[in-house]
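The structure appears right after this line, and notes come after that.
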C-alpha cells in the first residue's frame with residue numbers, strides 16, 4: 006500500500022507455462038506394436054524428378070545422358086569460362102611501380118625532363134616571347150628537309166582554300182632568338198584601320214537617326230504579329246490516317262490448328278480419298294491406303310517441311326488421348342518440287358484441302374496464313390485463329406530454306422477460276438502459267454493454273470547443295 010497516494014502497486018503476473026515433458030533432445034518412444042521400418046507397400050521406384058533424400062527437382066534433359074555436360078559448353082562447343090572468383094581476392098600491389106616509372110622516363114628524350122630556361126622564374130623578367138623546344142623541329146617532313154618542304158608547300162596538292170600567300174610567312178624554326186628556345190614576338194601592323202569598303206565590316210543603318218530606328222522596330226514588330234496571326238489562322242493540314250489493322254482470319258467453324266501427328270493418318274486418308282473419288286483436285290483414281298498416307302506424312306515431316314491440320318473441337322475426353330479421337334477437317338503441306346540435291350532445292354509445291362462440310366468457313370485462309378509465316382520471314386501473318394503446338398516439330402518454323410512456292414490449281418472451266426485468282430492474290434501468289442487440256446478425269450478435260458509465291462530469302466546461287474545429285 007502506497008501511503009502517499011493511497012493505491013496498491015501492481016504485481017507482475019508471470020506468463021503461463023506449458024506443461025511439456027523434457028526428453029533432453031531424444032525422440033519420443035515408439036508406440037507398442039509399431040516400428041519405423043518401411044514395408045513393401047511403402048517402397049516405390051524413384052522417378053526422374055526425384056533425387057536423394059526425397060528432394061524433388063525438374064530436369065529438361067529429355068533423356069539426354071550428356072545434358073549436364075552440355076550446360077558447361079557454349080554455342081561453339083568450347084568450355085564456358087569458370088565462375089568469377091576474383092572479388093574475394095586482395096588488391097594487386099606492384100612492388101616495382103616506381104622502378105617501372107623511372108624506366109619509362111629514361112626511355113624518352115631528355116628535353117621532356119630538363120629545364121629549358123630559368124628566365125621565367127626571375128622576378129624582373131618582362132618578356133612576352135613564346136617558348137618552343139628546339140626538339141620540336143622535325144628532321145624530315147614527307148621525306149624532304151623542313152626548309153625544302155616549306156618552299157614547295159604552296160605548289161603542293163591540294164590547292165589552298167584561302168587566297169593568303171603562305172610564302173610571305175616564315176616557319177617557326179626560323180624565328181628563334183639566338184641560342185634560346187624562345188621565338189621572336191609577332192610583328193603587329195603600325196596602324197590598324199577598318200576597311201569600310203569590305204562587306205564584312207559594313208554596318209547597315211549606322212547613319213540612321215533615332216526616329217528611323219524606332220520606325221524600323223515598329224515595322225518589324227508589326228510584321229512579326231502578322232506572321233503569328235497567319236500561322237494561327239492557317240488551315241490544319243489533312244493527315245492521312247494509318248490503314249486499320251487486319252482483323253485476322255477468324256474461322257466460322259469451331260476448329261483449331263496444329264502440326265500434324267502420326268495419329269491423324271486415318272482422318273487424313275478419309276479426307277484425301279474423298280477428293281480422289283469426287284473431284285479433279287488430285288491426280289489419282291484409286292483410294293490411297295493408310296500406309297501410303299503415313300509414308301507421305303513421314304517424308305514431309307522428316308525434312309522439316311510444314312504439314313499442318315485443322316482440327317474440329319469436340320467434347321474433351323478424360324486422360325491423355327494422343328489426338329486419336331480428333332477429326333481433321335482441313336490440311337495444308339509443302340513438298341519438294343524436285344529433289345533437295347537438284348537445282349530446284351529451294352522450290353516447293355503447296356497443297357491444301359478442306360472437308361466438303363467445312364467449305365467457305367475461312368479454314369483454308371487460316372491454313373495458308375500459318376504455313377506462309379513458317380516459310381517466309383517477311384510475310385505479315387494476320388492471325389485471328391487458335392494455333393497450338395506442344396512439340397518440337399515446327400516450333401521454329403520450317404527447317405528448309407524456301408525461295409519459291411508453287412501451287413497447281415486444276416480447273417475444267419475458265420469461269421471457275423475468277424474467285425481462285427482473288428483468293429491466291431491475298432496471300433502473295435501470282436499467276437505464272439495456264440496449261441490447257443493436260444488432264445482428263447470424271448469425263449472432264451482438265452486445265453491447270455500455276456501460281457507462284459516468292460519469299461524474301463537471299464539465296465547464293467554459287468553454293469552447291471549439301472548432297473548434290
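Residue numbers (my numbering): 6 to 474. Heads up, the beta-carbon is just placed ideally off N, CA and C, and yes, glycines get one too. Predicted, not measured: the structure shown is a model, and the values here were computed from it.
Element boundaries [beta strand (DSSP E), containing residue i]
i           : result
residue 341 : 332-341
residue 441 : 435-446
residue 317 : 312-317
residue 262 : 260-264
residue 74  : Where residue 74 is concerned, there is no enclosing beta strand (DSSP E), although the alpha helix (DSSP H) it sits in stretches over 72-75.
residue 110 : Premise fails: residue 110 lies in the alpha helix (DSSP H), 102-111, not in any beta strand (DSSP E).
residue 455 : 449-459
Beta-carbon contacts of residue i that lie in its chain and below 7 Å, excluding the five residues immediately before and after
i           : result
residue 382 : 461
residue 8   : Since pLDDT at residue 8 reaches only 47, below the 50 mark, its modelled position is unreliable, and the value read off the structure follows with that caveat. Closer than 7 Å at the Cβ level, and outside the excluded window around residue 8, lies no residue.
residue 311 : 338, 339, 376, 379, 380, 399 and 403
residue 11  : In this prediction, residue 11 scores a pLDDT of 49, lower than 50, which makes its location untrustworthy; no coordinate-derived value is stated.
Residue i, buried or exposed, once every other Cβ within 10 Å from all chains shown has been counted against 16
i           : result
residue 221 : exposed
residue 262 : buried
residue 459 : exposed
residue 343 : exposed
residue 277 : buried
residue 466 : exposed
residue 5   : Shown here, the chain extends from 6 to 474; a query on residue 5 therefore has no answer.
residue 264 : buried
residue 120 : exposed
residue 166 : exposed
residue 106 : exposed
residue 471 : exposed
residue 238 : exposed
residue 474 : exposed
residue 235 : exposed
residue 390 : buried
residue 272 : buried
residue 452 : buried
residue 102 : exposed
residue 108 : exposed
residue 355 : buried
residue 76  : exposed
Cβ-based neighbour list, residue i, same chain, cut-off 6 Å, excluding 5 preceding and 5 following
i           : result
residue 274 : 295 and 298
residue 359 : 335, 368 and 369
residue 317 : 260, 332 and 334
residue 468 : none
residue 176 : 155
residue 373 : 432
residue 146 : 154
residue 444 : 451
Residue i and residue j closer than 9 Å at C-beta
i           : j           : result
residue 394 : residue 254 : no
residue 4   : residue 363 : There is simply no residue 4 to check, as the chain begins at 6 and stops at 474 in what is shown.
residue 186 : residue 122 : yes
residue 425 : residue 410 : no
residue 308 : residue 341 : yes
residue 304 : residue 256 : no
residue 288 : residue 442 : no
residue 385 : residue 279 : no
residue 267 : residue 313 : no
residue 163 : residue 171 : no
N- and C-terminal bounds of the alpha helix (DSSP H) containing residue i
i           : result
residue 229 : 215-238
residue 360 : Here residue 360 belongs to no alpha helix (DSSP H), and DSSP marks it neither H nor E.
residue 2   : What the structure shows of the chain is the stretch from 6 to 474, and residue 2 is not part of that stretch, so it cannot be assessed.
residue 305 : 295-307
residue 279 : 270-283
residue 414 : Here residue 414 belongs to no alpha helix (DSSP H); instead the beta strand (DSSP E) covers 409-416.
residue 154 : 151-157
residue 425 : 423-430
Close-in-space but distant-in-sequence residues of the same chain around residue i (CB under 8 Å, 5 per side omitted)
i           : result
residue 449 : 285 and 417
residue 406 : 351, 462 and 464
residue 233 : none
> Contact between the stretch 288-301 and the stretch 347-365: three or more CB pairs below 8 Å?
Replying inline: With a cut-off of 8 Å, the stretch 347-365 and the stretch 288-301 do not count as touching, because too few Cβ pairs lie within range.
> Using 8 Å as the threshold, is the stretch 395-404 in touch with the stretch 412-431, meaning 3 or more CB pairs across them?
Replying inline: No: fewer than three Cβ pairs fall under 8 Å.
>> Would you call the stretch 184-192 in contact with the stretch 132-141, where contact means no fewer than 3 C-beta pairs closer than 8 Å?
In response: The stretch 184-192 makes contact with the stretch 132-141: 3 or more CB pairs, one atom from each, lie closer than 8 Å.
>> Would you call the stretch 448-459 in contact with the stretch 427-440, where contact means no fewer than 3 C-beta pairs closer than 8 Å?
In response: Yes, the stretch 448-459 touches the stretch 427-440.
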